[in-house]
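Asker: Numbering (our numbering), first residue to last: 14 to 682.
Note that the Cβ used here is the ideal one computed from N, Cα and C, for glycine as well.
What you are looking at is a predicted structure, and each value in this text was computed from that prediction instead of being measured.
(1) Would you be able to state if there are at least three C-beta pairs under 8 Å between the region 184-193 and the region 542-560?
(2) Is residue 297 closer than 9 Å to residue 324 when the C-beta atoms are compared?
(3) Unbroken alpha helix (DSSP H) runs of length 4 or more, entirely within the region 463-551: which are they?
(4) Count the other CB atoms within 10 Å of the CB of residue 197; is the residue buried (16 or more) or exposed (fewer)?
(5) Within the same chain, show all residues whose beta-carbon is closer than 6 Å to that of residue 339, passing over the 5 residues directly before and after it, in chain order.
(6) For residue 578 and residue 603, what's the separation of their Cα atoms in angstroms?
(7) Closest to residue 222 by C-alpha separation, out of 672, 476, 573, 605, would be which residue?
(8) In angstroms with no decimal places, state the Cα-to-Cα distance between residue 35 and residue 635.
(9) Alpha carbon to alpha carbon, how far is residue 266 from residue 253?
(10) Can you give the Cα-Cα distance for residue 70 and residue 283, rounded to whole angstroms?
(11) With DSSP as the reference, label residue 680 as helix, strand or coil.
(12) Note down, in chain order, each residue of its chain lying with its Cβ closer than 6 Å to the Cβ of residue 294, except the 5 sequence neighbours on either side.
(13) For residue 439, which of helix, strand or coil comes out of DSSP?
(14) Rounded to whole angstroms, what is the Cα-Cα separation between residue 521 and residue 445?
(15) Just mark residue 42 as buried or exposed, buried being the case when its beta carbon has 16 or more other beta carbons within 10 Å.
(16) Judging by CA-CA distance, which residue of 637, 532, 610, 600 is the nearest neighbour of residue 590?
(17) Around the Cβ of residue 152, are there at least 16 other Cβ atoms within 10 angstroms (buried) or fewer (exposed)?
(18) Out of curiosity, what's the CA-to-CA distance linking residue 679 and residue 650?
(19) Which runs of the beta strand (DSSP E) spanning at least 3 residues fall entirely within the region 136-214, listed in chain order?
(20) Excluding the five sequence neighbours on either side, which residues of its own chain have a C-beta within less than 7 Å of the C-beta of residue 412, listed in chain order?
(21) For residue 5 and residue 422, I'd like the C-alpha separation in whole angstroms.
(22) May I ask you to verify whether the region 477-489 touches the region 400-409, counting CB pairs closer than 8 Å and requiring at least 3?
(23) Taking just the CA atoms, how far does residue 161 sit from residue 642?
(24) I'd like to check one pair, residue 372 with residue 398: are the Cβ atoms closer than 9 Å?
(25) Out of 628, 620, 459, 348, state which residue places its alpha-carbon closest to the alpha-carbon of residue 45.
(26) What whole-angstrom Cβ distance do residue 62 and residue 74 have, given they're in contact under 8 Å?
(27) Between the Cα of residue 453 and those of 468, 436, 670, 469, spot the shortest distance and give me the residue it belongs to.
(28) Does DSSP classify residue 453 as helix, strand or coil?
(29) Tell me, please, whether the CB atom of residue 451 is closer than 9 Å to any CB atom in chain C?
(30) Among 392, 375, 394, which residue has its Cα nearest to the Cα of residue 386?
(31) Would you tell me roughly how many angstroms separate the C-alpha atoms of residue 378 and residue 135, rounded to the nearest one?
(32) Smallest Cα separation from residue 171: which of 348, 165, 130?
(33) Run through the region 236-314 for me and flag every whole beta strand (DSSP E) of 3 or more residues, listed as ranges in chain order.
(34) Quick check: what's the CA-CA separation for residue 38 versus residue 77?
(35) Specify the secondary structure class of residue 669 as computed by DSSP and reduced to three states.
(36) Check whether the Cβ atoms of residue 111 and residue 147 lie closer than 9 Å to each other.
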């Protein structure tokens with residue numbers, strides 16, 4: 014998928030401070046909220062990636078060291094000085110997970126955004142770092158782990174064939190690997206710990222119609238046999254997930270005959286007996302479009318708590334022994350969201366994150382024995398010095414009557430009458446926006462813009478029908494939903510129709526380009542980050558390891574049913590009338606640099622206003638902290654120049670980054 018994460022915990026952006034002035038529309042200084050520095054919004058969090066050791070005595074976490082996020086370890090009670098394990102100086106260190114025995118931490122890295130991930134073992138006592146997987150041209154993924162064998166991981170490596178990930182059992186201490194299963198036919202295999210051994214038990218085949226077929230092979234069986242088969246529509250929200258720890262139940266999700274998913278399970282006894290029509294039990298029927306397991310029993314692996322998410326989340330406690338714990342956590346969170354994200358092996362200490370739309374995330378410790386909670390960390394405490402805007406949940410209607418779930422954050426400078434609005438389009442497109450503290454929303458609202466995020470058709474999380482409604486609708490109804498949401502804001506007197514901007518990354522960057530070419534007079538400007546401009550070249554250049562999902566991706570775009578040339582913005586550059594800010598990473602493996610270079614060249618040939626920047630040390634988005642802040646500064650000045658709003662001076666952020674400003678229409682800083 015063409016996805017870019019923009020929330021804390023999935024993307025970590027770092028910045029440097031600059032001097033503050035206010036420019037733009039004159040306002041009464043006594044009522045004007047202070048300018049929030051970009052460094053406060055996009056800079057290092059105080060802490061991130063917190064993980065509790067299995068014995069519950071230590072935590073590993075990311076925190077700044079010389080301006081870059083690095084890995085630290087400290088005791089849980091904070092009596093000892095934190096111990097620095099890594100010393101990254103440019104790209105942030107990735108978060109790390111404890112091995113089940115607490116002996117090591119496992120992290121990962123890539124080379125300047127190429128997404129060829131290397132697994133790394135880190136000693137939490139000495140900081141010694143050892144690469145466990147090949148370091149060049151290979152994408153390593155952790156497939157399975159089990160606390161009964163804490164010294165092993167099952168990893169997938171595409172070292173033999175870049176299209177397929179063979180499975181290996183990796184000895185963490187020695188780095189030795191033993192082949193478990195070789196993928197020769199392009200059918201990915203799921204593995205679990207069954208009968209005391211690693212066992213490849215599930216094989217998946219992508220069908221020509223976009224559906225999925227699953228085959229089963231239990232311990233003692235020599236041949237694969239048919240298990241489940243879903244057409245394109247049902248395959249989106251259906252499939253097995255994994256066995257319980259005792260191997261007696263296989264859990265999964267089904268959406269056949271329904272718009273919302275059901276959590277189901279198959280008994281081991283039934284699986285050993287049945288052929289293609291295996292009986293199952295329904296554990297939970299979702300009433301919202303997204304269903305997930307929020308917590309499982311440590312001893313058995315049985316689901317304990319489920320979560321359904323629409324515009325907001327709702328939890329369902331299946332294990333009655335946890336009811337009082339969740340009642341206490343709900344009182345702690347109040348109207349905010351919360352989740353239990355880590356526990357010790359005895360299940361007595363829980364790490365809980367509480368997320369608000371107007372405050373940085375908070376990390377709490379819940380002691381189940383003492384029935385006490387303790388605030389461990391505030392992720393972005395500097396935000397407490399500023400007044401943040403609330404995020405509103407919206408249920409809008411598209412022109413054809415389809416529901417459009419959306420979020421709106423109003424300008425911190427709003428006065429009577431319509432204000433400038435920035436439409437922020439999420440990537441994927443099979444992804445979604447969520448309620449909570451969104452750094453982009455807060456940044457733009459503070460600068461004087463209303464900010465809207467729209468879960469257009471084709472987004473996940475709102476049911477099967479909403480997801481499937483995006484099939485073949487790039488440049489068409491998916492774009493209509495964005496336009497209809499903006500026009501609603503105009504009709505409601507919220508947005509100024511002459512000061513609308515569309516921006517996004519990845520698919521959101523494509524939508525921004527489409528906003529200029531398909532609706533050339535609607536938006537005053539557009540911002541596209543790592544967005545594809547030509548769907549033919551996009552599909553021709555996707556990574557080889559995407560082969561397993563290629564059929565689904567192509568069908569959602571509409572390959573074979575729509576004219577790819579007609580829905581590629583590069584072929585409609587002659588329609589562009591408004592300025593564009595374009596950014597790309599030179600090492601992007603998902604959307605090649607050519608996608609931005611081609612539309613930049615076409616706009617230049619027509620003397621259209623464009624600012625085009627390339628980061629030579631980045632991939633699909635910005636990981637280097639200085640690059641992230643430089644892009645935010647450039648974007649802020651671009652918006653200020655074209656639709657007004659407040660602006661913080663550049664300071665020195667541009668020269669401190671690797672930015673290559675290839676085409677320039679903005680005034681020189």
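Answerer: Let's see:
(1) Touching, no, given that fewer than three Cβ pairs across the two stretches are closer than 8 Å.
(2) The answer is no: Cβ separation not under 9 Å.
(3) Runs of the alpha helix (DSSP H) inside the region 463-551: 477-481, 490-504, 520-530.
(4) So residue 197 counts as exposed.
(5) Around residue 339: 330.
(6) A straight line joining the alpha-carbon of residue 578 with that of residue 603 spans about 19 Å.
(7) Ranking the options by Cα distance to residue 222, first place goes to 573.
(8) Note on residue 35: pLDDT 25, under 50, position unreliable in the model; no value is reported.
(9) For the pair residue 266 and residue 253, the Cα-to-Cα distance works out to about 6 Å.
(10) Those two C-alpha atoms are separated by around 42 Å.
(11) Secondary structure of residue 680 (DSSP, three-state): coil.
(12) So the list reads 278, once near-sequence residues are dropped.
(13) DSSP places residue 439 outside both helix and strand once states are collapsed to three, so it counts as coil.
(14) Rounded to whole angstroms, residue 521 to residue 445 spans 11 Å at the Cα level.
(15) For residue 42, the pLDDT reaches just 45, beneath the cut-off of 50, and the residue's location in the model is therefore unreliable, leaving the point undetermined.
(16) Taking the Cα of residue 590 as reference, the smallest distance to any Cα among 637, 532, 610, 600 is reached at 532.
(17) Classification for residue 152: buried.
(18) If you take the alpha carbons of residue 679 and residue 650, they lie about 8 Å apart.
(19) Entirely contained in the region 136-214, the beta strand (DSSP E) runs reaching 3 residues are, in chain order, 142-144, 153-157, 165-174, 177-184, 190-194, 202-207.
(20) Hits under 7 Å: 493, 497.
(21) Since the first and last residues shown for the chain are 14 and 682, residue 5 lies out of range.
(22) Touching, no.
(23) Cα to Cα, the separation comes out at about 44 Å.
(24) No, the Cβ-Cβ distance between residue 398 and residue 372 is not below 9 Å.
(25) Minimum Cα distance to residue 45 is reached at 459.
(26) 6 Å between Cβ atoms; contact.
(27) Minimum Cα distance to residue 453 is reached at 436.
(28) Looking at residue 453 - three-state DSSP - the assignment turns out to be helix.
(29) Although the question refers to chain C, the structure presented lacks it and comprises just one protein chain.
(30) Minimum Cα-Cα distance from residue 386 among the listed residues 392, 375, 394 corresponds to 375.
(31) Each residue's alpha carbon lies about 25 Å from the other.
(32) Out of 348, 165, 130, 130 has the C-alpha closest to the C-alpha of residue 171.
(33) Along the length of the region 236-314, whole beta strand (DSSP E) runs at least 3 residues long occupy 238-243, 252-256, 262-267, 275-280, 294-298, 303-309, reported in chain order.
(34) For residue 38, the predicted model reports a pLDDT of 37, less than 50, meaning its position is unreliable; a value from the coordinates is still stated below. Residue 38 and residue 77: Cα-Cα distance of roughly 36 Å.
(35) Residue 669 sits in coil when the DSSP states are folded into three classes, being neither helix nor strand.
(36) In this structure, residue 147 does not lie closer than 9 Å to residue 111 by Cβ.
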